[in-house]
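Heads up: the sequence lines are chains S and U, in that order.
Numbered according to my numbering, the first sequence spans residues 1 to 170.
Numbered according to my numbering, the second sequence spans residues 1 to 225.
Note that the Cβ used here is the ideal one computed from N, Cα and C, for glycine as well.
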Amino acid sequence: MSTKIRQYENLVRSFYKPLYRYAFWSCKNKQVAEDLVQETFTRAWKNLNQLKSLDAAKPWLFTILNRENARRFTRKQLPMIELSEEWNLQHIADKNNEIDKIALQRAIMKLSDEYREPLVLQIIAGFSTDEIAKMMSLNSNTVSTRLFRARAELKKMMFSANVKVGEKNG
Amino acid sequence: MDELEKKRRELASPSNEIHNLNEADFNDLSEKDLERMSVNYKFEKQLEEAITIEVPENLADKILLNQATQHPGNFFLYKSTLSIAASVALMIFIFLGMQAEKLTDIALAHVYHELDHLVETGSTINADHVRANIKQLGFDLPGLPQNISYAGKCTIGNKQGMHIVVRVNNNPVTLFISSDRVDDKNNFNDNRFNGKIYPTKNGSIIIIGESVQDIEDVYGQTKTI
Numbered sequence: 001m002s003t004k005i006r007q008y009e010n011l012v013r014s015f016y017k018p019l020y021r022y023a024f025w026s027c028k029n030k031q032v033a034e035d036l037v038q039e040t041f042t043r044a045w046k047n048l049n050q051l052k053s054l055d056a057a058k059p060w061l062f063t064i065l066n067r068e069n070a071r072r073f074t075r076k077q078l079p080m081i082e083l084s085e086e087w088n089l090q091h092i093a094d095k096n097n098e099i100d101k102i103a104l105q106r107a108i109m110k111l112s113d114e115y116r117e118p119l120v121l122q123i124i125a126g127f128s129t130d131e132i133a134k135m136m137s138l139n140s141n142t143v144s145t146r147l148f149r150a151r152a153e154l155k156k157m158m159f160s161a162n163v164k165v166g167e168k169n170g
Numbered sequence: 001m002d003e004l005e006k007k008r009r010e011l012a013s014p015s016n017e018i019h020n021l022n023e024a025d026f027n028d029l030s031e032k033d034l035e036r037m038s039v040n041y042k043f044e045k046q047l048e049e050a051i052t053i054e055v056p057e058n059l060a061d062k063i064l065l066n067q068a069t070q071h072p073g074n075f076f077l078y079k080s081t082l083s084i085a086a087s088v089a090l091m092i093f094i095f096l097g098m099q100a101e102k103l104t105d106i107a108l109a110h111v112y113h114e115l116d117h118l119v120e121t122g123s124t125i126n127a128d129h130v131r132a133n134i135k136q137l138g139f140d141l142p143g144l145p146q147n148i149s150y151a152g153k154c155t156i157g158n159k160q161g162m163h164i165v166v167r168v169n170n171n172p173v174t175l176f177i178s179s180d181r182v183d184d185k186n187n188f189n190d191n192r193f194n195g196k197i198y199p200t201k202n203g204s205i206i207i208i209g210e211s212v213q214d215i216e217d218v219y220g221q222t223k224t225i
């Protein structure tokens, strides 16, 4: 097996999970997320010689995925059946999911992209504020503010959901 | 970093705030701060669990398979994605148990474990691509039958090898190419399958099928290596 193939296989096996999760939260669709990860690795294979070190692999792959996701909107799209948010939530919620977890996933879905994307990058991939800023071409303070506001929004939505449940039960 | 900047970063990364606390800092925390951090910690855990959704089984294998089919010169070929998980499981099984087993026993177990590959699919794999991948293992098989219904890399005998299924006289015949070398040509069988193993310059070839005639036909074509 050549060095390139071994390196590629290592990249795939090391990063496909966080990339898929990030892709899912970016596009909110499982099939599209899978395609995005696939396209990301196809592009990574073509440009593997650009990868200077293994340390650089993670931000490099996430940046490719971001570009692939953006490219989706510029490509000619095949007719798609719009799936409701509820449908997607049912699909990510397995039977072991607790009510709170589903409610939180619902709240994450409702966050605006500018809040959700840095939050997912931070939690899924463990990127620092500076790394996220670099990847999203933003200033670090802006990212910090968005991360704080994302959490605040989620807490607000969760609190509101709990109050509604309480009202219905009461 | 000034205090404002520090505070901004703490609010943006509550986990860091908790992880960065040393014992002295922890003892200095007020009740109020302790409670706030405890709530934050719980919320971060919930957030992590909610965001960490299930990843489709075999996605990594599907990605590698896709790459293999797009660049067959660089990758081994795979025929069926469904078999990949089974192959990985079998590889582990073989790796753990192989030292006590003979190569022929391992090959037979491999066939039984992946019986799906013997089923006629109606499609064939380009023999030139398969031969190109075999060459990467240091083998040359100019006589490889053209009617190939499955080809995939595998580990056999603790060495990298290849698993190929060809159709001979309308019957499936399995070939294993292994870098493990045997000393002599040998025949073997069990209640269902017959087999032949023979040494080559860089390892060995194992042919397994239900009919002895089919095996001999494949052997006749491939032994000229």
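Reduced DSSP secondary structure (H/G/I, E/B, other) of residue i
i	result
residue 152 of chain U	strand
residue 109 of chain S	helix
residue 10 of chain S	helix
residue 193 of chain U	coil
residue 141 of chain U	coil
residue 129 of chain S	helix
residue 93 of chain S	Note that residue 93 of chain S scores a pLDDT of 47, beneath 50, so its modelled location is shaky and nothing firm can be said.
residue 210 of chain S	Residue numbering for chain S in the displayed model covers 1 to 170; residue 210 of chain S lies beyond these limits and cannot be assessed.
residue 220 of chain U	helix
residue 102 of chain U	coil
residue 181 of chain U	coil
residue 215 of chain U	helix
residue 136 of chain S	coil
residue 154 of chain S	helix
residue 63 of chain S	helix
residue 202 of chain U	coil
residue 186 of chain U	strand
residue 122 of chain S	helix
residue 73 of chain S	coil
residue 146 of chain U	coil
residue 173 of chain S	For chain S, the structure presents residues 1 to 170; residue 173 of chain S sits outside this window and is missing.
residue 168 of chain U	strand
residue 174 of chain U	strand
residue 20 of chain S	helix
Nearest-angstrom Cβ-Cβ length linking residue i and residue j, presumed shorter than 8 Å
i	j	result
residue 118 of chain U	residue 37 of chain S	The Cβ separation is near 32 Å, so there is no contact.
residue 212 of chain U	residue 186 of chain U	Rounded, the Cβ-Cβ distance is 14 Å, inconsistent with contact.
residue 199 of chain U	residue 182 of chain U	5 Å
residue 108 of chain U	residue 208 of chain U	7 Å
residue 50 of chain U	residue 105 of chain S	5 Å
residue 45 of chain S	residue 108 of chain S	So it is not a contact: roughly 31 Å between Cβ atoms.
residue 63 of chain U	residue 148 of chain S	That pair is no contact at about 35 Å.
residue 20 of chain S	residue 34 of chain S	7 Å
residue 111 of chain U	residue 52 of chain U	At roughly 39 Å, the Cβ-Cβ gap does not stay under 8 Å, so residue 111 of chain U and residue 52 of chain U are not in contact.
residue 106 of chain U	residue 156 of chain U	6 Å
Same chain only: Cβ atoms within 6 Å of residue i, ignoring 5 sequence neighbours per side
i	result
residue 129 of chain S	140, 143, 144
residue 47 of chain S	none
residue 127 of chain S	121
residue 172 of chain U	118, 165
residue 43 of chain S	64
residue 29 of chain U	none
Beta-carbon contacts of residue i that lie in its chain and below 8 Å, excluding the five residues immediately before and after
i	result
residue 137 of chain U	160, 161, 162, 177, 179, 202, 203
residue 150 of chain S	111, 115, 116, 118, 119
residue 69 of chain S	23, 26, 27, 36
residue 127 of chain U	144, 145, 146, 148
residue 47 of chain U	none
residue 188 of chain U	104, 108, 194, 195, 196, 197
residue 10 of chain U	16, 17
Residues near residue i in its chain [Cβ-Cβ closer than 7 Å; skip 5 each side]
i	result
residue 18 of chain S	124, 125
residue 146 of chain S	114, 115, 118
residue 101 of chain S	none
residue 222 of chain U	141, 143, 144, 205
residue 58 of chain S	15, 125
residue 131 of chain S	59
residue 51 of chain S	57, 60
Sufficient close CB pairs (3 or more, under 8 Å) joining the stretch 24 to 43 of chain U to the stretch 128 to 141 of chain S = Judged by Cβ distances under 8 Å, the stretch 24 to 43 of chain U makes no contact with the stretch 128 to 141 of chain S, as fewer than three pairs qualify.
For the stretch 125 to 145 of chain U against the stretch 159 to 178 of chain U, are there 3 or more C-beta pairs whose distance is under 8 Å?
-> yes
Is there contact here, the stretch 50 to 69 of chain U with the stretch 16 to 31 of chain S, by at least three beta-carbon pairs under 8 Å?
-> yes
Residue ranges of each beta strand (DSSP E) run of no fewer than 3 residues wholly in the stretch 2 to 78 of chain U, ordered along the chain?
-> none
If we count Cβ pairs, one from each stretch, closer than 8 Å, do we get three or more for the stretch 145 to 158 of chain S versus the stretch 50 to 66 of chain S?
-> no
For the stretch 36 to 56 of chain U against the stretch 7 to 18 of chain U, are there 3 or more C-beta pairs whose distance is under 8 Å?
-> yes
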